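Going by the working numbering, the first residue of the sequence shown is number 1, and it counts up by one from there.
Report on one structure; see the data block that follows.
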Amino acid sequence: TDPKKFYEYSLDETNINGVDKAVHYKSSLGFDKSNGENLINQIDSYVKADSSVPEKIVETVHGTRYRYKIPVQGINGECRNVIAVYQIDKGNVIPRLITNFLE
1 TDPKKFYEYS LDETNINGVD KAVHYKSSLG FDKSNGENLI NQIDSYVKAD
51 SSVPEKIVET VHGTRYRYKI PVQGINGECR NVIAVYQIDK GNVIPRLITN
101 FLE
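Below, the structure is given as structure tokens:
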């Protein structure tokens, strides 16, 4: 997972396009830019685990999308599901995170 997607978008309360996600991550799980590495590590660990199975796979004109429902433990002790969608672009083999949000 590219940390830039989280630090400059999903956890950035000053980014007009990501402010809603940032507010939800902070209020629901206690994550912000100062501790986002914990969130990213939990998502990465889940997706990379041998037992990990996407809840949905969709073929698009751009590539194959894999949607995961990931239980994440917040630094505030709360547990919530994060939806993370990865895509393997046509002609490529490396998945990239295209969106993430709290369920």
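Beta carbons: idealized from backbone N, C-alpha and C, even for Gly.
No experiment lies behind these values; they were computed from the predicted model shown.
- For secondary structure counted as the alpha helix (DSSP H) over 4 or more consecutive residues, the stretch 2-86 holds these complete runs in sequence order: 19-29, 36-48.
- With 16 or more other CB atoms across the displayed protein chains lying within 10 angstroms of its CB, LYS21 is buried.
- The three-state secondary structure of ASN100, taken from DSSP, is strand.
- Straight through space, the alpha carbons of ILE98 and LYS48 are spaced by roughly 16 Å.
- Note on geometry: alpha-carbon atoms of ASN17 and ASP50 lie some 33 Å from one another.
- Beta-bridge partners of ILE88 (DSSP): THR64.
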